[in-house]
Amino acid sequence: MFELIFTECDKEIRSGQVRANSLFECFQKFLGSLSSYKMDEIHRLLDPHRDNRFLDMDTFKKLGPRITHIITVNQNPGDSLSMSRLDCLQSYSNSTNTSQDESSLGLLNESLMNATIGSLEGFGMDSTGSCNADLRNNLSELKFQNDNLHKEKKDLEKEQGEVERMNNKLVEENEILKRNLREAKINMESLQQKNQDLALLYNLSPELRIGSGIKSCNEKIEIEKSRYEEVLLENKRLIEELEDAHSSDLKARNDVQRRDKAIQNLTFEIIKVKDELDEKSKSLKHLETNHKLAQTSNEES
Numbered sequence: 097m098f099e100l101i102f103t104e105c106d107k108e109i110r111s112g113q114v115r116a117n118s119l120f121e122c123f124q125k126f127l128g129s130l131s132s133y134k135m136d137e138i139h140r141l142l143d144p145h146r147d148n149r150f151l152d153m154d155t156f157k158k159l160g161p162r163i164t165h166i167i168t169v170n171q172n173p174g175d176s177l178s179m180s181r182l183d184c185l186q187s188y189s190n191s192t193n194t195s196q197d198e199s200s201l202g203l204l205n206e207s208l209m210n211a212t213i214g215s216l217e218g219f220g221m222d223s224t225g226s227c228n229a230d231l232r233n234n235l236s237e238l239k240f241q242n243d244n245l246h247k248e249k250k251d252l253e254k255e256q257g258e259v260e261r262m263n264n265k266l267v268e269e270n271e272i273l274k275r276n277l278r279e280a281k282i283n284m285e286s287l288q289q290k291n292q293d294l295a296l297l298y299n300l301s302p303e304l305r306i307g308s309g310i311k312s313c314n315e316k317i318e319i320e321k322s323r324y325e326e327v328l329l330e331n332k333r334l335i336e337e338l339e340d341a342h343s344s345d346l347k348a349r350n351d352v353q354r355r356d357k358a359i360q361n362l363t364f365e366i367i368k369v370k371d372e373l374d375e376k377s378k379s380l381k382h383l384e385t386n387h388k389l390a391q392t393s394n395e396e397s
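Numbering (the working numbering), first residue to last: 97 to 397.
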C-alpha cells in the first residue's frame, strides 16, 4: 500500500526520494474526508521539522504502522470512509504489479472513489484486533523511549554532579589566587614605600648613599611586579574556566529539565495508550461474547 503511494509520487523523476509535502498531498487526495487533526498528525510524522525533507521508500514504509494507527484510532464516520479508501488502496496494491501506467492509476482512483462507509470489515479486516496490535506496539515503543530518557537523565545528572564538583574546585582555587593577589599587592606597596624612604635618605644624606641597597630594593620590586602580573593572568584564566563551568552546569540543568518534561509527557502518553488498549480489549471481549451468543442462538434454532 505505502509502496504504491510512494511510487505514485515518484513516478515522474523516479529518484527514489520524495518530498514530504508531495507524500502528504497524496494522502490528502486519498483521505480527503479524514479529520483535520489526524491530517495534521500525519503531516507531522512525514515532516516533523517543517523543512519539506526528502524521504526514501524504507523511511516512508517505517512510518506506515503509525500512520495507519492515526487513521484507525477513535474513528468517526468521515474517518471510516478514509480508512475504506486506504483499504481499497491496500487491496489494489496486493492485486497488481509494480508497473504504474495511466490505465492502472485510473482503475486505482476509481476503486478509491467507490469505497463506502463501513466497508473496512467488508475487505476482511478485523479493525478491533488491528487497533489492539497497533496500541500494543505503540505502548512498547513508548516504554522503550521512556527507558532511554530515564537513562539519559541519569547520565545528565551524573555529568551535572561532575560539573558542580569541578565548579567548586575552581571557586576554591580562585579564592586562593585572590588571597595571593592581595598579599602580593601588599608586599609590592611595602617595597615601594621602602624604596621611597631609601631614595629620600639618598637625596638628603649624600654621605650616607647606599646605592647598592636601593638597587637591591628595586630588583625586589620588579620581582614582585612580575609575580603580581603572573597572579593576575592566572586569576583571569581561572575566571574564564569558572565561567565555562557555570555554562556547562546551566546546560546540564536545562537538559535534565527537558528530559524530565519529556519523561512526564511520555508517561501521560503511556497511560493514555493503556486506557485505549483496555477499552479496545473490553470491546473485543464484548464482540466475542455477542458472537458466541449469536452462534448459540443459531445452533438452537
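Heads up, the beta-carbon is just placed ideally off N, CA and C, and yes, glycines get one too.
Measuring CB to CB, does residue i end up less than 8 Å from residue j?
{"i": "L287", "j": "E320", "result": "yes"}
{"i": "K249", "j": "R355", "result": "yes"}
{"i": "L362", "j": "L245", "result": "yes"}
{"i": "L328", "j": "N270", "result": "no"}
{"i": "L151", "j": "Q113", "result": "yes"}
{"i": "N263", "j": "D345", "result": "yes"}
{"i": "K274", "j": "N331", "result": "yes"}
By how many angstroms is the C-alpha of residue j removed from the C-alpha of residue i?
{"i": "E395", "j": "L383", "result": "18 Å"}
{"i": "K376", "j": "V369", "result": "10 Å"}
{"i": "R110", "j": "E365", "result": "38 Å"}
{"i": "E268", "j": "E285", "result": "26 Å"}
{"i": "A116", "j": "T385", "result": "44 Å"}
{"i": "E318", "j": "N283", "result": "12 Å"}
{"i": "E279", "j": "I272", "result": "11 Å"}
{"i": "K378", "j": "H387", "result": "14 Å"}
{"i": "Q292", "j": "N314", "result": "10 Å"}
{"i": "S398", "j": "E326", "result": "Because the chain spans 97 through 397 in this model, residue 398 falls outside it and cannot be assessed."}
{"i": "E336", "j": "K316", "result": "30 Å"}
Of the residues the options, which one's Cα is nearest the Cα of residue i?
{"i": "T168", "options": "S343, N386 and I138", "result": "I138"}
{"i": "N242", "options": "V267, H342, I359 and A341", "result": "I359"}
{"i": "S408", "options": "D143, S131 and K134", "result": "Lying before the first or after the last residue shown, residue 408 is absent from the chain, which here runs from 97 to 397."}
{"i": "K125", "options": "N148, R110, G112 and I101", "result": "I101"}
{"i": "R162", "options": "E339, K247 and M135", "result": "M135"}
{"i": "R149", "options": "Y133, F120 and L266", "result": "F120"}
{"i": "M153", "options": "S131, D106 and S132", "result": "D106"}
{"i": "A341", "options": "R261, K357 and A390", "result": "R261"}
Assuming residue i and residue j form a contact by the criterion Cβ under 8 Å, report the distance between their Cβ atoms to the nearest whole angstrom.
{"i": "C122", "j": "E99", "result": "Not quite, the Cβ-Cβ distance comes to about 12 Å (not below 8 Å), so this is no contact."}
{"i": "L266", "j": "L338", "result": "5 Å"}
{"i": "K281", "j": "Y324", "result": "7 Å"}
_contact_flag[the stretch 351 to 367, the stretch 246 to 261] where n(CB pairs < 8 Å) is 3 or more_ = yes
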